[in-house]
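Structure first, commentary second.
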Amino acid sequence: FGIDARSKRYALQGTRWRVKNLTYKISKYPRNLPKADVDMEISKAFNIWSGITPLTFTKKKSGPVHIEVRFENGEHGDGDPFDGPGGTLAHAFFPVYGGDAHFDDAERWTVNSYRGTNLFQVAAHEFGHSLGLSHSDVRAALMAPFYRGYDPTFELNDDDVDAIQALYGLPKKTNNKPTPTEAPGEEEDAELCNDATVDTLFNSAEGVTYAFKGLHYWKLTEDSIASGYPRLISKSWPGLPGNIDAAFTYKNGRTYFFKGTQYWRYTGKKMDGDYPKQISEGFTGIPNNINAAMVWGGNGKIYFYKGSKFWRYDPTSKPPVKNSYPKDISNWEGVPNDLDAALHYTNGYTYFFKKGSYYRFNDRTFSVDVADPPFPRPAGYWWFGC
Amino acid sequence: VPTLQDESVKAVMYLAQFGYLPAQMTNPNSGHLMSQDAMTDAIKEFQAFAGLNITGNLDKETVETMKLPRCGVKDKVG
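Residue numbers (this note's numbering), protein chains in the order written: chain A, 3 to 388; chain B, 0 to 77.
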């Protein structure tokens, strides 16, 4: 922030949602307002943001959601107690901290009234935090920290619009014409959201994350799935079949794909030399028909998973697989057997996927992370924008 | 160190709650030592953010602004 009017502006906290289709639930209502009014005002507050971005907000009655809304009194379990009428009206958590929004139930929440505290305006502000906005020092901005009283002609300030669009971009065009890069017909029946299971996930040498399923693949972006997908694997990786078992990119920049007894090596999307080769030839000590593979961020070694066992492959040592392997997957505390995919993601975390769910692995504690909502979480929500 | 008047104690807690002073200062009994300069700078930052005259003093306008209803999220996030 500057200290003169010219440089006043919004502030981004630094995290945002990777998916665009967000869900919310109101798990604790205020004592002094009819539920229907609360539902309406909260929905209007979310619509403020969905109207100027590609984001959508779907209300759920229960179950895992992205943003939980609660009306609470005093100390309410997050270490940031409310202070009774006036003072602090509400607070919310940035996406990296879960995105939830809490409102002080000691306030007199009102609708379309100069009396009390206007629920819609405060909620719209708090959801700005839930989406990744910090406070703005533009006094007229919604994201300014001070409540400015009921405004019957409420409008977002340009500063708020600039802020949220810096994070999520503009609303999607609603034209029904397929985008020119739309994949041809048969791709349409390829579906990631029906059960959100994948054959494998891997990062390319350029740090792009791809999901493979059957004959098709999707490119994952920061937020969700890139538009214009799915596409056919064979069109982008010439010579590579569908229904791949596992894939990873090693620090030599090569990407290795595994299927049945064979493996392929690519530089980018170009096959290196004459592949496929036998896994027993190129990865001595590794079995055929593996479930998943990844390069673990903890030591840069290659890990293969099959059934209830895992192998560690180190190309720099002889033999590359010590005879103490295989070991039980249960060593990776909380990770299930019979995995679909394993991924060392660009955020530094290790993720395991199985039948539409995923687990975030904490390399420090060497166990699946303890978080709220707990793992496993639905991969469709959190990864594929379903 | 001069003992802080009640108004100043509230101001220190407010400035700490919203990110202008170290978080430990939200507890008035923390015994946390702080220089006058640090306090002045924190007041100036708050006054700049809130669009007030930047005096570095706990003047009337600043104290009144600190009483306004507001969002509980810090103004300055690490």
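Ideal Cβ placement from N, Cα and C applies to all residues, glycine included.
Q: Under the assumption that Leu133(A) contacts Leu169(A) (Cβ atoms under 8 Å), give the Cβ distance between them as a whole number of angstroms.
A: As a first step, residue 133(A) is located in the first sequence; it is residue number 131 there, counting from the start. As a first step, residue 169(A) is located in the first sequence; it is residue number 167 there, counting from the start. Sure, about 7 Å apart at Cβ, within 8 Å.
Q. At a Cβ cut of 8 Å, what residues of the segment 138-155 of chain A count as close to chain B, listed as they run along the chain?
A. So the close ones are Asp139, Arg141, Pro147, Phe148 and Tyr149.
Q: Under 7 Å between beta-carbons, which chain B residues line up against Asp82(A)? List them in chain order, please.
A: Residue numbering aside, residue 82(A) sits at position 80 when the first sequence is read from its first letter. Chain B residues near Asp82(A): Gly71.
Q | Cutoff 9 Å: Pro182(A) Cβ touching any chain B Cβ | A | In the first sequence, the residue the question calls residue 182(A) occupies position 180. Note that Pro182(A) scores 37 on pLDDT, short of 50, meaning its location in the model is unreliable; the coordinates nonetheless yield the value given after this. Under the Cβ distance rule, Pro182(A) does not count among the residues neighbouring chain B, no pair being separated by less than 9 Å.
Q.
Check for me: the beta strand (DSSP E) holding Trp51(A) runs from which residue to which?
A. One-based indexing of the first sequence puts residue 51(A) at position 49. Unbroken run through Trp51(A) is the alpha helix (DSSP H), Lys37 to Ser52; no beta strand (DSSP E).
Q) For the segment 86-97 of chain A against the segment 49-64 of chain A, are there 3 or more C-beta pairs whose distance is under 8 Å? A) No, the segment 86-97 of chain A is not in contact with the segment 49-64 of chain A.
Q: Using DSSP bridges, identify the partner residues of Lys311(A).
A: In the first sequence, residue 311(A) corresponds to position 309, counting from 1. BP columns for Lys311(A) point to Lys308(A) and Asp330(A).
Q | Start-end ranges of the alpha helix (DSSP H) lying completely within the segment 224-269 of chain A, minimum 4 residues | A | Complete alpha helix (DSSP H) runs here, min 4: 235-238.
Q. Does DSSP put Asp106(A) in a helix, in a strand, or in coil?
A. As a first step, residue 106(A) must be located in the first sequence, where it is residue number 104. Looking at Asp106(A) - three-state DSSP - the assignment turns out to be strand.
(Q) With three or more beta-carbon pairs closer than 8 Å as the criterion, would you say the segment 322-337 of chain A touches the segment 278-295 of chain A? (A) Yes: at least three Cβ pairs fall under 8 Å.
Q) Alpha carbon to alpha carbon, what distance is there between Thr64(B) and Gly350(A)? A) Here residue 350(A) corresponds to residue number 348 of the first sequence, with the count starting at 1. Here residue 64(B) corresponds to residue number 65 of the second sequence, with the count starting at 1. Those two C-alpha atoms are separated by around 42 Å.
Q.
Determine, for Asp40(B), whether the minimum Cβ-Cβ distance to residues of chain A falls below 9 Å.
A. For the purposes of this step, residue 40(B) is taken as the residue at position 41 of the second sequence. Chain A contact via Cβ: absent.
Q) Cβ atoms of Glu70(A) and Lys22(A): under 9 Å apart, would you say? A) If you number the first sequence from 1, residue 22(A) lands on position 20. If you number the first sequence from 1, residue 70(A) lands on position 68. Note that the C-beta distance between Lys22(A) and Glu70(A) is not below 9 Å.
Q: Taking 9 Å as the cut-off, decide whether the C-beta atoms of Ala213(A) and Tyr12(A) are in contact.
A: For the purposes of this step, residue 213(A) is identified with residue 211 of the first sequence, where counting begins at 1. For the purposes of this step, residue 12(A) is identified with residue 10 of the first sequence, where counting begins at 1. No, the pair does not count as a contact, with Cβ atoms beyond the cut-off.
Q: Spell out whether any CB of chain A is found under 9 Å from the CB atom of Ala37(B).
A: Counting from 1 along the second sequence, the entry for residue 37(B) is found at position 38. So, not an interface residue.
**Q.** Min CB distance Val8(B) to chain A below 9 Å
**A.** Taking the first residue of the second sequence as position 1, residue 8(B) is located at position 9. Closer than 9 Å: no.
Q. Among Ala381(A), Gly382(A) and Pro376(A), which has the Cα closest to the Cα of Gly100(A)?
A. One-based indexing of the first sequence puts residue 100(A) at position 98. Pro376(A) is the residue among Ala381(A), Gly382(A) and Pro376(A) whose C-alpha sits nearest the C-alpha of Gly100(A).
Q) Just the Cα atoms here: how many angstroms apart are Thr17(A) and Gln46(B)? A) The residue given as residue 17(A) occupies position 15 in the first sequence. The residue given as residue 46(B) occupies position 47 in the second sequence. The straight-line gap from Cα to Cα measures roughly 27 Å.
Q. Taking the alpha carbon of Tyr252(A) as the point to measure from, which residue in Ser226(A), Gly81(A) and Trp298(A) has its own alpha carbon closest?
A. As a first step, residue 252(A) is located in the first sequence; it is residue number 250 there, counting from the start. Minimum Cα distance to Tyr252(A) is reached at Trp298(A).
Q. Count the other CB atoms within 10 Å of the CB of Ser138(A); is the residue buried (16 or more) or exposed (fewer)?
A. Residue numbering aside, residue 138(A) sits at position 136 when the first sequence is read from its first letter. Buried is the call here.
**Q.** For Pro97(A), the three-state DSSP class (helix, strand or coil)
**A.** By 1-based counting over the first sequence, the position of residue 97(A) is 95. DSSP places Pro97(A) in helix when its eight states are reduced to three.
Q) Roughly how many angstroms separate the alpha carbons of Gly71(B) and Ala94(A), rounded to a whole number? A) By 1-based counting over the second sequence, the position of residue 71(B) is 72. By 1-based counting over the first sequence, the position of residue 94(A) is 92. So the alpha carbons of these two residues sit roughly 8 Å apart.
Q.
Please identify the residue among Tyr353(A), Leu203(A) and Asp340(A) whose C-alpha is closest to the C-alpha of Phe312(A).
A. Translated into the one-based positions of the first sequence, residue 312(A) becomes position 310. Comparing alpha carbon positions, the residue from Tyr353(A), Leu203(A) and Asp340(A) closest to Phe312(A) is Asp340(A).
Q: Step through the CB atoms of chain A and report whether any lies within less than 9 Å of the CB of Leu67(B).
A: Here residue 67(B) corresponds to residue number 68 of the second sequence, with the count starting at 1. In terms of beta-carbon proximity, Leu67(B) lines the interface with chain A, with at least one pair separated by less than 9 Å.
Q) Using the C-alpha atoms, what's the distance from Leu67(B) back to Glu190(A)? A) Taking the first residue of the first sequence as position 1, residue 190(A) is located at position 188. Taking the first residue of the second sequence as position 1, residue 67(B) is located at position 68. For Glu190(A), the pLDDT reaches just 44, beneath the cut-off of 50, and the residue's location in the model is therefore unreliable, although a value from the coordinates is still provided. In this model, Glu190(A) and Leu67(B) are separated by some 54 Å (Cα to Cα).
(Q) Looking only at its chain, what residues have a beta carbon closer than 8 Å to the beta carbon of Gly209(A), apart from the 5 residues adjacent to it on each side? (A) If you number the first sequence from 1, residue 209(A) lands on position 207. If we look at Gly209(A) and ignore the five residues flanking it on each side, its Cβ neighbours are Thr348.
Q | Against chain B: residues of the segment 80-108 of chain A by CB proximity under 7 Å | A | Look at the segment 80-108 of chain A: the residues with a C-beta under 7 Å from a C-beta of chain B are Asp82, Gly88, Gly89, Thr90, Leu91, Ala92, His93 and Ala94.
Q. What is the rounded straight-line gap between the Cα of Asp276(A) and the Cα of Gly241(A)?
A. To locate residue 276(A), count along the first sequence from 1; it is residue 274. To locate residue 241(A), count along the first sequence from 1; it is residue 239. Distance from the CA of Asp276(A) to the CA of Gly241(A), rounded to the nearest whole angstrom, comes to 10 Å.
(Q) Helix, strand or coil, according to DSSP, for Phe285(A) in the structure here? (A) Here residue 285(A) refers to the residue found at position 283 of the first sequence. Coil, per DSSP.
Q: Give me the Cβ distance between Ile227(A) and Phe386(A), rounded to the nearest whole Å; I'm assuming they're in contact under 8 Å.
A: Counted from its first residue, the first sequence places residue 227(A) at position 225. Counted from its first residue, the first sequence places residue 386(A) at position 384. Indeed, because the Cβ distance is near 6 Å, the residues count as touching under 8 Å.
Q) Interface residues of chain A around Gly55(B) at Cβ under 8 Å? A) One-based indexing of the second sequence puts residue 55(B) at position 56. The contacting residues do not exist; Gly55(B) stays about 12 Å from chain A at best.
(Q) Please tell me whether Thr64(B) has its Cβ less than 9 Å away from any Cβ of chain A. (A) Here residue 64(B) refers to the residue found at position 65 when the second sequence is read from its first residue. Chain A places a beta carbon closer than 9 Å to that of Thr64(B), counting this residue as a contact.
Q | DSSP three-state assignment for Leu345(A), whether helix, strand or coil | A | Locating residue 345(A) in the first sequence gives position 343, where the first residue counts as 1. Leu345(A) falls in the strand class under three-state DSSP.
Q | Ser2(A), enclosing beta strand (DSSP E) - first and last residue | A | What the structure shows of chain A is the stretch from 3 to 388, and residue 2(A) is not part of that stretch, so it cannot be assessed.
(Q) If I measure Cβ to Cβ from His127(A) and keep anything under 6 Å in the same chain, skipping five residues before and after, which residues do I get? (A) Start at 1 with the first residue of the first sequence, and residue 127(A) comes out as number 125. Excluding its 5 nearest sequence neighbours in each direction, His127(A) has C-beta neighbours in its own chain below 6 Å: Leu144, listed in chain order.
Q) Are Ala103(A) and His78(A) touching if we call contact CB-CB under 9 Å? A) Mapped onto the first sequence, residue 103(A) falls at position 101. Mapped onto the first sequence, residue 78(A) falls at position 76. In this structure, Ala103(A) sits away from His78(A), with a CB-CB distance that is not shorter than 9 Å.
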